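Here's the structure we're looking at; comments come further down.
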Amino acid sequence: MFGKLGSSEEFLLETCIGRFKHLRVLLLRQSTFDLLPSSIGNLKYLRNLQLYDCRNLKKLPKSVCKLRNLQCLDLDRCRELEELPADIKNMINLRLLGITTKQQRFSASGIGCLTSLRWLYIGECENLETLFDDIQSLTSLRVLAITSCPKLASLPHGIKNLPALEHLWIVDCERLRLPEG
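For the sequence shown, position 170 matches number 170 in UniProt numbering, and the numbering has no gaps at all.
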């Protein structure tokens with residue numbers, strides 16, 4: 001269930017999820033597990049889930065999408081993450097999302113449904129060829145950062161219809177061709 005998690009780490013994580021039902025912040029940065037326990041979905045008060053640099057993390061359980069109060073999900077530098085859960089659209093209060101994934105494209109009706117999103121970081125996605133087409137639905141998005149996505153060829157047309165966008169960073173995306181104007 002936990003892959004490479006040591007017995008003390010496994011016990012600690014299960015204890016946190018099992019005993020601390022009102023937990024609001026869970027920092028698991030640089031952990032060695034490859035799968036979170038599905039019981040993570042029971043933390044209905046969780047606001048901040050930091051999985052930054054969990055290099056062995058391959059998959060998120062579907063139950064993570066039950067975390068409707070979650071405001072921050074950091075999956076940056078999770079280089080083994082195969083894909084985002086299909087029901088990420090249910091995380092309606094998400095304001096900050098950082099992603100590193102092996103996906104070639106993001107699913108339709110996924111990230112574009114996160115209308116509360118204010119900060120989106122997509123980085124080190126070696127296989128990413130295209131973003132999601134419904135980006136214009138992110139009307140609260142203030143910061144969009146895209147870094148080290150070498151296969152990303154274009155941005156969706158709706159990117160020019162983001163009324164709240166204040167900062168756009170695009171770094172190390174060598175195939176990216178920006179439209180004129």
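C-beta: ideal position from N, C-alpha, C; glycine also.
This structure is a prediction, so every number in the text was calculated from the model and none was measured.
Rounded straight-line distance, which links the Cα of residue j to that of residue i
i    : j    : result
L131 : C149 : 11 Å
L67  : L26  : 12 Å
D34  : L12  : 16 Å
L117 : T15  : 31 Å
L36  : S154 : 33 Å
V171 : L141 : 19 Å
L176 : R19  : 47 Å
L43  : P163 : 33 Å
L23  : G41  : 12 Å
S137 : T115 : 6 Å
A145 : E80  : 20 Å
I122 : K21  : 30 Å
K59  : Y52  : 14 Å
V143 : M91  : 19 Å
E166 : P156 : 17 Å
Nearest candidate by alpha-carbon position, reference residue i, set the options
i    : options                  : result
D76  : E82, L35 and Q50         : Q50
R55  : Q71, R29, R68 and G41    : R29
E174 : L70, T147 and F20        : T147
C113 : P37, R24, L94 and I159   : L94
G158 : T139, L81 and N42        : T139
Y45  : C65, L70, K62 and V64    : L70
G98  : N161, K21, E166 and N48  : N48
K89  : L168, N161, S63 and W169 : S63
Within 8 Å, strictly: CB atoms of residue i and residue j
i    : j    : result
A108 : D87  : no
L178 : K151 : no
C125 : T101 : yes
S39  : I17  : yes
F106 : L84  : yes
C78  : L96  : no
Below-8 Å beta-carbon distance, residue i vs any chain D residue
i   : result
E14 : Among the chains of the structure shown, chain D does not appear; only one protein chain is present.
Simplified DSSP state of residue i, which is helix, strand or coil
i    : result
L12  : helix
I111 : helix
A86  : helix
L138 : coil
R19  : helix
K151 : coil
K59  : strand
Per DSSP, the bridge partner or partners of residue i
i    : result
Y52  : None; Y52 has no bridge partner.
C72  : N48 and L96
V25  : N48
R105 : T130
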